[in-house]
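Notes to accompany the following structure.
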Amino acid sequence: MKKEILFGTLAAGALFTSAANAALLKINDQTFANFGLKLQIYGQSLEDAANGGKDNAIDFTIQNARVYFSGQLNSIVQFGANLDYTVTGQNTSHEATSTTKVRDAFINFHFANEFNVMAGYYRVPFSRTTLVDRYNTIFMPQDGW
0 MKKEILFGTL
10 AAGALFTSAA
20 NAALLKINDQ
30 TFANFGLKLQ
40 IYGQSLEDAA
50 NGGKDNAIDF
60 TIQNARVYFS
70 GQLNSIVQFG
80 ANLDYTVTGQ
90 NTSHEATSTT
100 KVRDAFINFH
110 FANEFNVMAG
120 YYRVPFSRTT
130 LVDRYNTIFM
140 PQDGW
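In numbering that gives the first Met the number 0, the protein residues as written are 0 to 144.
Shown next, in the form of structure tokens:
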């Protein structure tokens, strides 16, 4: 029974690892915004942990929630942000804090393909932490990060 549940969970995880599309609000070709939500859901099955040790306990938790948006106001001004929330409000995620974390937030002035001015708060490009989006991984690390 446990092997069947494990196999089913792995198969479902493999099918649903691609990110869903965000909602698109579009005024015209040069003014639009994308909004989305990513959830990191954690499931756990504990043997003999419920009903006084007589039943198995199956728990699901939303470990992290990320709200993201991006878009542009006109042909020059572009913007975007990734905001991580701890769903429970406890010190269970976000590097042991209970607050909202700004992962990326920027404004970009796209004057030409050869000349852009970007300012904001964002992860270092090409660093180890930006290689893989943690919401697209099948197995979550034990530290929840």
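Glycine included, every Cβ here is placed at the ideal spot set by N, Cα and C.
On a predicted model such as this, the values are computed, not experimentally measured, just so you know.
Pick from the options that is closest to residue i, judged by C-alpha positions
i	options	result
Lys37	Phe108, Asp103 and Asp83	Asp83
Phe34	Lys53, Val66 and Gly119	Val66
Ser74	Tyr121, Phe114, Phe110 and Asn50	Phe110
Gly79	Arg122, Leu45, Ile61 and Gly51	Arg122
Tyr120	Ile106, Glu113 and Phe114	Ile106
Asp28	Glu113, Tyr41, Gln77 and Asn50	Gln77
Lys25	Leu72, Ala118, Glu113 and Asn115	Leu72
Thr98	Phe114, Lys53 and Ala64	Ala64
Gln62	Phe68, Val101, Tyr41 and Asn112	Tyr41
Ala21	Glu113, Asn81 and Ala104	Asn81
Val101	Phe68, Lys53 and Asn112	Phe68
Terminal residues of the beta strand (DSSP E) in which residue i lies
i	result
Val101	Lys100 to Ala111
Ala118	Phe114 to Tyr120
Asn27	Ala22 to Asn27
Pro72	In the sequence as displayed, the identity of residue 72 is Leu instead of Pro. Where Leu72 is concerned, there is no enclosing beta strand (DSSP E), given that its DSSP letter is neither H nor E.
Distance between beta carbons of residue j and residue i, contact taken as under 8 Å
i	j	result
Gly70	Phe31	5 Å
Asp58	Gln43	5 Å
Opposing strand residues paired with residue i [DSSP bridges]
i	result
Gly42	Phe59
Asn145	Examination of residue 145 is not possible in this model, given that the chain is present from 0 through 144 alone.
Val123	None, per the DSSP bridge assignment.
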